[in-house]
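What follows is a short report on a single structure.
There are 2 protein chains.
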Amino acid sequence: MTRPQQQPLLGILGGMGPLATVDFLGKLTRLVPAHCDQDHLPWLTLSQPDMPDRSSAIRDGDDRPREWLAKGVAWLAEQGVSLIALPCSTSHFWFEAMQEASSVPIMHIADATVEELRLSPLPRSGKVAVLATRGTIRSGMYSARLRAADFQVVVPDEAGQMKVDRIIAQVKAGEGSAARQEMQLLQAELSRQGVAALVLGCTELPLACDHRSADGLPAVDVSLALARACLRRLGYLD
Amino acid sequence: MTRPQQQPLLGILGGMGPLATVDFLGKLTRLVPAHCDQDHLPWLTLSQPDMPDRSSAIRDGDDRPREWLAKGVAWLAEQGVSLIALPCSTSHFWFEAMQEASSVPIMHIADATVEELRLSPLPRSGKVAVLATRGTIRSGMYSARLRAADFQVVVPDEAGQMKVDRIIAQVKAGEGSAARQEMQLLQAELSRQGVAALVLGCTELPLACDHRSADGLPAVDVSLALARACLRRLGYLD
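Protein chains in written order, with the numbering used here: chain Y, 48 to 285; chain Z, 48 to 285.
This is the structure:
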């Protein structure tokens, strides 16, 4: 790409889903301590909501997302971006294939989450529940890293996972208030099961959290964690 | 660009300002009647907040934005987008140069606004005030089109324009609540002057409107108008 001036560009592969991508871009923008447009981070986002569903692909052993993801990051790298982010946990199932296809580093969303946890005041005692798609849960990307950082990790049982699936589908279908109601019920149930904190391990889930309600469990938003980690790498945050 | 599947892509040149771009992308996403990711519109956005300020360039007769804008749209066109949108009114000062540089059509934000007005229940009687940057006001892009559509158009006096300038700068600096306060005062003043409706002719201004407050004047949001017009062109809305 030819730009009249060359400042570091962040490359973002999005659309998985589309609202989660917009939510990530909003977080990225609001986190920058900027006084005017020119203080902000330039970025390039390709939003491809038309790619095959990642979670069902993992379930069915269908490898079609690999081509979309590898081509997407390779194309971003060719445009001269300095770092790539994917505001979609499930896509990180194909992380190695993507990193191999890209000549620039990709910030892993679960590494960003652990970085965020290290800097957060979240209690180390008590169980942390990972809420994510079945594909992400199956990959173990969050559980493995959290256990390595000495957290007690739990994942929802089948009834709980069905609720998580439903919340994600509701956000993707634009049914925000139904998603928020379902999330409140799920949080109350997890709290009764002794869960002390949540990792919102799918970028749709923060969109189902009602920040106006005070009865939610403390939660790490992986989308916010990814935005912060990218801004730190590119020198926009300490 | 090589994508495994070729659906029409919307190209967006953004960053002017960054929050207004995210706001536009959010509107674009929420307007699509989608049930899952795959129903959504694919898009490609280049956000260049580091380009020179448009309004002061127009004031000072500085033509540097032309190169950024022309290169930006030319690059988007080369990537195979079907239509280009710029969620920034002031940049449309260089519309002809951009359209000349781009092999694909650019949706003019003021044409989209007139299209929106034609479809809206806004009263035809009474004065419509155009709120925008000094550069946009000077270009007359909204006034000319609104007068041609039989609206009585007014623009703020110097004291009013200073308030508009301040609101836009506050949104760009992330000072949302100060911007909303200032906007409420300005609306009350315009209402006293007999203004019946507003054209929020700068994509930062909708971000300063408090939708929870009922005492605002009816307003056309040019960012929403642009999103709707693009979705109609690409077959996502009737």
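Glycine included, every Cβ here is placed at the ideal spot set by N, Cα and C.
- Residues that Pro-65 of chain Y contacts on chain Z, provided the C-beta gap is smaller than 7 angstroms: Position 18 of the first sequence holds residue 65 of chain Y. Thr-76, Asp-84 and His-87, listed in chain order.
- Message: To the nearest angstrom, how far is the alpha carbon of Glu-251 of chain Y from that of Ile-184 of chain Z?
- Response: Taking the first sequence and counting its residues from 1, one reaches residue 251 of chain Y at position 204. Taking the second sequence and counting its residues from 1, one reaches residue 184 of chain Z at position 137. Going from the Cα of Glu-251 of chain Y to the Cα of Ile-184 of chain Z covers about 40 angstroms.
- Touch test, the stretch 162 to 174 of chain Z against the stretch 67 to 87 of chain Z, Cβ-Cβ under 8 angstroms, three pairs minimum: no
- Task: Put Ala-196 of chain Y into one of helix, strand or coil per three-state DSSP.
- Result: Within the first sequence, the letter at position 149 stands for residue 196 of chain Y. Reduced to three states, the DSSP call for Ala-196 of chain Y is coil.
- Query: Comparing the C-beta of Gly-73 of chain Y with each C-beta of chain Z, is any distance below 7 angstroms?
  - Reply: Residue mapping note: residue 73 of chain Y aligns to position 26 of the first sequence, counting from 1. Chain Z contact via Cβ: present.
- When you check each C-beta in the stretch 127 to 157 of chain Y against every C-beta of chain Z, which residues fall closer than 8 angstroms? none
- Query: Beta-carbon of Ser-94 of chain Y versus every beta-carbon of chain Z: anything under 7 angstroms?
  - Reply: Position 47 of the first sequence holds residue 94 of chain Y. True, the Cβ-Cβ gap to chain Z drops below 7 angstroms.
- Identified DSSP bridge partners for Trp-115 of chain Y: Working through the first sequence from its first residue, we reach residue 115 of chain Y at position 68. Beta-bridge pairing links Trp-115 of chain Y to no other residue.
- Item | Residue burial classification, Gly-241 of chain Y (beta-carbon count within 10 angstroms, cutoff 16) | The sequence position of residue 241 of chain Y within the first sequence is 194, counting from 1. Gly-241 of chain Y should be labelled exposed.
- Query: Given a limit of 8 angstroms on CB to CB distance, which residues of the stretch 168 to 184 of chain Y reach chain Z?
  - Reply: none
- Message: Which same chain residues end up closer than 7 angstroms to Ala-148 of chain Z when comparing Cβ atoms and leaving out the 5 residues on each side of it in sequence?
- Response: Indexing the second sequence from 1 puts residue 148 of chain Z at position 101. The residues are Ala-117, Val-120 and Ala-121.
- Task: Kindly say whether Asp-97 of chain Y, judged by its beta-carbon, lies nearer than 7 angstroms to any beta-carbon of chain Z.
- Result: Position 50 of the first sequence holds residue 97 of chain Y. Output row for Asp-97 of chain Y: interface = yes.
- Closer than 8 angstroms, Cβ to any Cβ of chain Y: which residues of the stretch 252 to 276 of chain Z, in chain order? none
- Message: Taking the beta carbon of Pro-152 of chain Y as the centre, do at least 16 other beta carbons fall within 10 Å, making it buried, or is it exposed?
- Response: Here residue 152 of chain Y is taken as the residue at index 105 of the first sequence, counted from 1. The residue in question, Pro-152 of chain Y, is exposed, as its Cβ has fewer than 16 Cβ neighbours within 10 Å.
- Message: Please classify Pro-134 of chain Y as buried or exposed, where buried requires at least 16 other C-beta atoms within 10 Å of its C-beta.
- Response: Mapped onto the first sequence, residue 134 of chain Y falls at position 87. It is buried - the Cβ of Pro-134 of chain Y has at least 16 other Cβ atoms within 10 Å.
- Is there contact between the stretch 196 to 207 of chain Y and the stretch 57 to 70 of chain Z, where contact requires at least three CB pairs shorter than 8 angstroms? no
- Task: Quick one: which residues of the stretch 232 to 251 of chain Z get their C-beta closer than 9 angstroms to a C-beta of chain Y? List them in chain order.
- Result: none
- Message: Tell me the DSSP secondary structure of Gly-223 of chain Z in three-state form.
- Response: Along the second sequence, read from residue 1 onward, the residue named residue 223 of chain Z stands at position 176. Gly-223 of chain Z: helix per DSSP, three-state reduction.
- Message: Counting beta carbon pairs with one atom in the stretch 263 to 276 of chain Z and one in the stretch 228 to 237 of chain Z, are three or more of them shorter than 8 angstroms?
- Response: yes
- Message: Can you check which of these residues, Y:Ala-159, Y:Arg-101, Y:Thr-76 and Y:Lys-219, is closest to Arg-192 of chain Y by C-alpha distance?
- Response: Counting from 1 along the first sequence, the entry for residue 192 of chain Y is found at position 145. Answer by Cα proximity: Y:Ala-159.
- Message: Counting only C-beta atoms, is Val-69 of chain Z closer than 7 angstroms to chain Y at any point?
- Response: Position 22 of the second sequence holds residue 69 of chain Z. Closer than 7 angstroms: yes.
- Message: Going by beta-carbon coordinates alone, are Gly-58 of chain Y and Ile-156 of chain Y separated by less than 7 angstroms?
- Response: Locating residue 58 of chain Y in the first sequence gives position 11, where the first residue counts as 1. Locating residue 156 of chain Y in the first sequence gives position 109, where the first residue counts as 1. Cβ atoms of Gly-58 of chain Y and Ile-156 of chain Y: not closer than 7 angstroms.
- Beta-carbon proximity list for Ala-144 of chain Y, same chain, < 8 angstroms, skipping 5 on both sides: The sequence position of residue 144 of chain Y within the first sequence is 97, counting from 1. The residues are Arg-113, Leu-116 and Ala-117.
- beta strand (DSSP E) runs contained entirely in the stretch 77 to 143 of chain Y, provided each spans 3 or more residues: 90 to 94 and 130 to 132
- Cβ of Leu-91 of chain Z within 7 angstroms of any chain Y Cβ: Locating residue 91 of chain Z in the second sequence gives position 44, counting from the first residue. So yes, Leu-91 of chain Z belongs to the interface.
- Cβ neighbours of Cys-54 of chain Y in the same chain (closer than 7 angstroms, five flanking residues each side left out): As a first step, residue 54 of chain Y must be located in the first sequence, where it is residue number 7. The question names Cys, but residue 54 of chain Y in the sequence shown is Gln. Counting only Cβ-Cβ distances below 7 angstroms, and skipping sequence neighbours, we find Pro-89.
- Which residues bound the alpha helix (DSSP H) around Ile-184 of chain Z? Here residue 184 of chain Z refers to the residue found at position 137 when the second sequence is read from its first residue. Run containing Ile-184 of chain Z: 181 to 186, per the alpha helix (DSSP H) assignment.
- Message: Within a Cβ cutoff of 6 angstroms, which residues of the same chain sit near Lys-219 of chain Y, ignoring the five residues on either side of it in sequence?
- Response: Against the first sequence, residue 219 of chain Y aligns to sequence position 172. Gly-64.
- Query: CA-CA distance, Asp-257 of chain Z and Leu-78 of chain Z?
  - Reply: Reading the second sequence from its first residue, position 210 is the one you call residue 257 of chain Z. Reading the second sequence from its first residue, position 31 is the one you call residue 78 of chain Z. Between Asp-257 of chain Z and Leu-78 of chain Z, the C-alpha separation is close to 20 angstroms.
- Message: Give me, in chain order, the residues of the same chain whose beta-carbon lies closer than 7 angstroms to that of Lys-74 of chain Z; leave out the 5 immediate sequence neighbours on both sides.
- Response: The residue you call residue 74 of chain Z lines up with position 27 of the second sequence. Ser-270, Leu-271 and Ala-274.
- Message: Ser-138 of chain Z and Arg-101 of chain Z - do their beta-carbons sit closer together than 7 angstroms?
- Response: For the purposes of this step, residue 101 of chain Z is taken as residue 54 along the second sequence, with counting starting at 1. For the purposes of this step, residue 138 of chain Z is taken as residue 91 along the second sequence, with counting starting at 1. The answer is yes: Cβ separation under 7 angstroms.
- Task: Mind reading off the beta-carbon distance from Leu-178 of chain Y to Leu-245 of chain Y? Whole number of angstroms is fine, and I expect it under 8 angstroms.
- Result: In the first sequence, counting from the first residue as 1, residue 178 of chain Y sits at position 131. In the first sequence, counting from the first residue as 1, residue 245 of chain Y sits at position 198. Indeed they touch by this definition, with Cβ atoms about 6 angstroms apart.
- Among residues of its own chain, excluding the 5 on either side of Thr-180 of chain Z, which ones have a beta-carbon nearer than 6 angstroms to its beta-carbon? For this step, residue 180 of chain Z is matched to residue 133 along the second sequence. Hits under 6 angstroms: Ser-102, Thr-137 and Cys-249.
- Among residues of its own chain, excluding the 5 on either side of Asp-109 of chain Y, which ones have a beta-carbon nearer than 8 angstroms to its beta-carbon? As a working note, residue 109 of chain Y is residue 62 in the first sequence. Correct list, in chain order: Pro-99 and Ser-103.
- Item | Helix, strand or coil at Gly-62 of chain Z [DSSP, three-state] | Here residue 62 of chain Z corresponds to residue number 15 of the second sequence, with the count starting at 1. The answer is coil: DSSP assigns Gly-62 of chain Z none of H, G, I, E or B.
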